[in-house]
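Structure record follows, encoded as structure tokens.
Numbering (my numbering), first residue to last: 3 to 294.
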């Protein structure tokens with residue numbers, strides 16, 4: 003079978019190498035490639051091309067997880083509620099959309115960190131497809147949710163969708179130093195969902211070190227705060243590095259990726275595959291890739 007990943011950028015992704023590893027270890031006939039789609043107006047043409055090449059499925063990464071929905075023939079109820087799709091399966095020429103980011107992310111946050119309680123305050127940085135998946139899951143656990151984003155209009159759309167789901171609102175703020183200091187100081191979880199800081203531009207961050215230093219100065223330590231990043235390459239973003247230096251528990255996006263893989267393979271290949279036996283090999287692939 004043939005499958006691919008579409009997005010912009012895609013060169014950073016380790017997914018093709020992981021799919022190749024899985025295919026070799028389990029004797030599966032899967033050819034998986036990365037396809038960069040330069041802009042939103044090229045997305046429709048990309049889908050036509052994928053279908054004409056008889057691909058069985060494709061993965062969607064930033065920034066098309068929301069835009070892909072308009073081209074689908076079927077939208078899984080969970081993906082519809084979230085408003086974002088990360089996996090599309092092609093059956094009889096029809097496109098079926100699913101969201102596995104949500105399950106992968108919340109499992110990573112709660113298994114590598116701790117369970118989210120109703121009284122916890124969560125601050126989510128970003129409003130894109132990954133943010134939607136994360137917010138959908140955490141909002142079923144606590145209503146004390148803050149979304150901070152560079153553009154308030156997009157954050158308002160996410161807030162409205164969450165209100166429609168649960169009947170209660172969330173707080174949204176523009177990304178700036180004042181709002182970060184005010185909202186992060188009493189947060190229990192700080193979740194970064196944007197591509198800022200991933201390879202090949204690992205020296206970028208939306209939360210400067212001076213913000214972390216400010217929190218440490220007020221709190222003494224961040225050892226009761228969990229910082230989670232959806233990025234897995236590099237394995238430690240500046241966001242996580244600065245948080246760790248402040249004493250926080252930090253979690254990168256590798257756990258999210260590994261949690262999604264069994265669901266992805268079942269969608270692609272039609273059967274469940276236990277990937278525990280190659281977990282360490284996947285870790286090594288990701289670690290090697292993060293050094294690029």
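Ideal placement from N, C-alpha and C gives every residue a C-beta, glycine not left out.
These numbers were taken from a predicted model, which means no experiment stands behind them.
{"Asked": "For residue 151, the residue or residues it bridges with in DSSP", "Found": "176"}
{"Asked": "Status (buried if at least 16 other CB within 10 Å, exposed otherwise) for residue 81", "Found": "buried"}
{"Asked": "Counterpart residues of residue 3 in DSSP-defined beta bridges", "Found": "Answer is none; residue 3 lacks a bridge partner."}
{"Asked": "Test: residue 72 CB closer than 8 angstroms to a CB of chain B", "Found": "Looking at the structure shown, chain B is missing, and only one protein chain is on hand."}
{"Asked": "Residue range of the unbroken alpha helix (DSSP H) whose run includes residue 45", "Found": "45-54"}
{"Asked": "Contacts around residue 52, its chain only, beta-carbon distance under 7 angstroms, and the 5 residues preceding and following it disregarded", "Found": "6, 60"}
{"Asked": "Residue 269 versus residue 92 - alpha carbon distance", "Found": "10 angstroms"}
{"Asked": "Start-end ranges of the beta strand (DSSP E) lying completely within the stretch 160-243, minimum 3 residues", "Found": "173-176, 191-194, 228-231"}
{"Asked": "Residue 287 (DSSP reduced to helix, strand or coil)", "Found": "helix"}
{"Asked": "Straight-line Cα distance separating residue 195 from residue 133", "Found": "5 angstroms"}
{"Asked": "Proximity of residue 289 and residue 230 at Cβ, strictly below 8 angstroms", "Found": "no"}
{"Asked": "Straight-line Cα distance separating residue 107 from residue 42", "Found": "25 angstroms"}
{"Asked": "Residue from 163, 244, 203 whose Cα sits closest to the Cα of residue 236", "Found": "203"}
{"Asked": "Boundaries (first-last residue) of the alpha helix (DSSP H) holding residue 252", "Found": "Element bounds for residue 252: not the alpha helix (DSSP H) but the beta strand (DSSP E), 251-253."}
{"Asked": "Cβ distance (whole Å) where residue 90 is taken to contact residue 98 below 8 angstroms", "Found": "7 angstroms"}
{"Asked": "Distance CB(residue 248)-CB(residue 234) smaller than 8 angstroms", "Found": "no"}
{"Asked": "Separation of residue 208 from residue 8, as counted between CA atoms", "Found": "25 angstroms"}
{"Asked": "Of the listed residues 232, 95, 114, nearest to residue 126 (C-alpha basis)", "Found": "232"}
{"Asked": "Secondary structure, alpha helix (DSSP H): runs of 4+ residues fully inside the stretch 38-108", "Found": "45-54, 79-84"}
{"Asked": "Supposed close pair residue 4, residue 55 - CB separation, criterion 8 angstroms", "Found": "7 angstroms"}
{"Asked": "Opening and closing residue of the alpha helix (DSSP H) in which residue 295 lies", "Found": "Past the edges of the chain, shown from 3 to 294, lies residue 295, and the structure says nothing about it."}
{"Asked": "Collapsed DSSP secondary structure at residue 158 in the structure displayed", "Found": "helix"}
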